[in-house]
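Worksheet: one structure, shown below.
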Amino acid sequence: MDLSVKLPGLNLKNPVLPASGCFGNGREFASIYDLSLLGGMVTKSVTPNARFGNPLPRIAEAESGMLNAIGLENKGVDYFREHELPFLEQFDTEVMVSVAGSTIEDYAHVVEHLKGVDVIKAFELNVSCPNVAVGGMAIGTNAEALGKTVAMVKQHADKPVYVKLSPNVTNIVELALAAQDNGADGLVMINTVQGLRMDLRTAKPLLGNVTGGLSGPAIKPIALRMVYQVAQVVHIPIIGCGGISNAEDILEFLYAGASAVQVGAANFIDPWACPKMIEELPSVLEKYNLNSVQEAIGKALPQK
Amino acid sequence: MIESKAKILSNTPLTQDVFKMELETEIATLAKPGQFVQITVPNFYLRRPISVSWVEGNVLTIVYKVLGKGTDKLSSMRPGHALSVLGPLGTGYPIEAKEEVLIVGGGVGTPPMLLTAKAYQDLGAKVHVVLGFNTKDEVFYQKEFEELGITPVICTMDGSMGVQGTVLDGIKANHITCPFVCSCGPLPMLRAIQNTYQDGYISLESRMGCGFGVCLGCVMKTVEGDAVRVCEDGPVFAMGKVVL
């Protein structure tokens, strides 16, 4: 069974990549399985300088999912380049680096400082983090700001640029087109859905950041709907993301128009979730009379 | 870290809302004092982090308090059912030979101290145990420590059993002068311990996403300002290292 997919910058042996923020920078998972099994992986978001993140609690249970409000904790781009990226050179997997910032210039700064690093195959712009006060989702929910950011990053990046879209918008198509029209090489859909939970004992929001991002199976139908809508109007590839827990879920996203998928929260529940899905995928494709991943991509989209 | 389908051997109340569960799992043969496991509760998404209280052969004992819907569901699980358990997780107590060790447990921070007490005992240490609870009805694990040949000092805030007051009052009342302390319990208690002692270790509790160092959902700061993950760098930290 041919599971391979070729996307800008990414030569994926299979369509499964752990999503940003759900895989650290690979070290913890590398101690339990061979990362070379993965089509690719996405690093934790990198910002120009170190960030500590949000006050605790940062995590809460939600129906069929979870809320998180980590707040882009990371040690900054220089530390990342010196101490995290070299570790990933030993694996035969395609590395996407997630880039975040508070201003448009922050994004440009990070990609500029990662120029010429061979292990990086593509960048993913996190313009959709719902858990930071400035930047993040503020950029990703405004078509003009998003377009400017993508255009600026494209001037500085030496690798293809994917844009991770926020679902917290009225018209996802408008944002997808803004990214595409300003030079994005691909889209990742979707980031978490903004949510909130209450602590009944204190009569206050449970998370230290008040709101958080909902992920897990609860958001899968939202993600599928958005991928399906956007796939009908853009000509750049889409990597689907949102609540994927098994190989059947992957196939749903492929049918909806995604060319590959990212797996997020499922890694927390079952640390071996990604290799298991990769192993199951051939038999699932076979079950539905498909001869390759390629054949499944966009199968559900209306014929033009 | 392995994932194991662990069979519930028993699940019985120790107090009104504290339960003891025995699980048949090979994780028992791997777990060290102070480590924890992540348990999937049927119909809930995130795993629940619960400390390892005791191991014997392939039987792992956990003790948990019913605090919300997840632990309430866990308390209703019957022997014979299997639960997905991930573990052992975290960095436990670096057990090393000591002449004397003072073990301090508060409320549901008490369970991991049982295996810790045993480990120090096995290395020849004289082990003192002081346990703190709010009231008599919440006291548990007295018998379990006695089975190790240790008579725990019981403290209750309302004085309904043992020494009235905090664990520090209990230590004072019993003239325990051991300077090396291992402790687990509620934050106010651990703060008081850290303010009083310089030598030893404390074990922290946190809400967790993954439990193995990836999600950064349980990060705290050290006195030097560095970020540490309760799940992976802890839950056991050197006395005075983490800002509480």
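As given, the protein sequences belong to chains V and R, one line each in that order.
Letter by letter, the first sequence follows residues 0 to 303 of numbering that gives the first Met the number 0.
Letter by letter, the second sequence follows residues 0 to 243 of numbering that gives the first Met the number 0.
Note that the Cβ used here is the ideal one computed from N, Cα and C, for glycine as well.
As the structure is a computational prediction, the values presented were derived from the model and not from experiment.
Residue j beta carbon less than 7 Å from that of residue i
i         : j         : result
Leu147(R) : Leu189(R) : no
Val187(V) : Tyr161(V) : yes
His155(V) : Glu104(V) : no
Cys177(R) : Thr115(R) : no
Ser127(V) : Ser165(V) : yes
Met95(V)  : Glu123(V) : yes
Glu27(V)  : Phe211(R) : yes
Ile189(V) : Ala230(V) : no
Thr150(R) : Val84(R)  : no
Gly123(R) : Gly184(R) : no
Leu113(R) : Glu145(R) : no
Gly25(V)  : Ala121(V) : no
Lys163(V) : Gly182(V) : no
Tyr32(V)  : Pro274(V) : yes
Straight-line Cα distance separating residue j from residue i
i         : j         : result
Lys117(R) : Ile296(V) : 58 Å
Val116(V) : Pro17(V)  : 21 Å
Cys209(R) : Met225(V) : 27 Å
Pro220(V) : Met65(V)  : 15 Å
Gly131(R) : Pro187(R) : 12 Å
Gly79(R)  : Pro41(R)  : 14 Å
Val292(V) : Leu113(V) : 32 Å
Asn130(V) : Arg57(V)  : 10 Å
Val191(V) : Val129(R) : Per the sequence shown, residue 191(V) should be read as Thr rather than Val. So the alpha carbons of these two residues sit roughly 45 Å apart.
Ala272(V) : Ala265(V) : 6 Å
Leu6(V)   : Glu251(V) : 19 Å
Asp1(V)   : Thr42(V)  : 26 Å
Lys68(R)  : Ala61(V)  : 11 Å
Leu34(V)  : His174(R) : 55 Å
Where residue i falls: helix, strand or coil (DSSP)
i         : result
Arg50(V)  : strand
Ser101(V) : coil
Val283(V) : helix
Val133(V) : coil
Met188(R) : helix
Pro17(V)  : strand
Arg46(R)  : coil
Ser202(R) : strand
Arg26(V)  : helix
Arg224(V) : helix
His80(R)  : coil
Gln37(R)  : strand
Pro301(V) : coil
Gly239(V) : strand
Met151(V) : helix
Ala237(R) : strand
Thr90(R)  : strand
Val131(R) : For the record, residue 131(R) in the displayed sequence is Gly; it is not Val. Here Gly131(R) sits in strand by DSSP.
Glu278(V) : helix
Asp232(R) : coil
Leu122(R) : coil
Cβ-based neighbour list, residue i, same chain, cut-off 8 Å, excluding 5 preceding and 5 following
i         : result
Glu173(V) : Ala142
Glu279(V) : Asn245, Ala246
Ala137(V) : Ala144
Thr165(R) : Gly131, Cys154, Met156, Met188, Ala191
Ala81(R)  : Lys4, Ala5, Lys6, Ile7
Met197(V) : Lys203, Pro204, Leu205
Gly52(V)  : Ile69, Gly70, Leu71, Glu72
Cut-off 6 Å between Cβ atoms - residues of its own chain near residue i, not counting five sequence neighbours on either side
i         : result
Lys240(R) : Thr221
Pro48(R)  : Phe35, Gln37, Met207, Gly210
Ser74(R)  : Phe18, Val65
Leu301(R) : Residue coverage of chain R in this structure runs from 0 to 243, which leaves residue 301(R) outside it and unanswerable.
Gly169(R) : Val129, Val152, Cys154, Val162
Cβ-based neighbour list, residue i, same chain, cut-off 7 Å, excluding 5 preceding and 5 following
i         : result
Met160(R) : Lys135, Val138, Ile153
Gln197(R) : Met238, Gly239
Tyr119(R) : Ile94, Lys97, Val100, Val126
Lys31(R)  : Pro87, Gly91
Leu167(R) : Ala191, Thr195
Tyr200(R) : Tyr92, Cys181, Val235, Phe236, Ala237, Met238
Rounded Cβ spacing between residue i and residue j (contact assumed at less than 8 Å)
i         : j        : result
Asn67(V)  : Val98(V) : Between Val98(V) and Asn67(V) the Cβ distance is about 19 Å, and since that is not below 8 Å, they are no contact.
Ile69(V)  : Gly20(V) : 7 Å
Pro234(R) : Gly56(R) : Going by Cβ atoms, the distance from Pro234(R) to Gly56(R) rounds to 24 Å, so no, they are not a contact pair.
Residues, ordered as in the chain, of the region 12 to 44 of chain R that lie near chain A by beta-carbon distance below 8 Å: The chain labelled as chain A is not found among the protein chains of the depicted structure, namely V and R.
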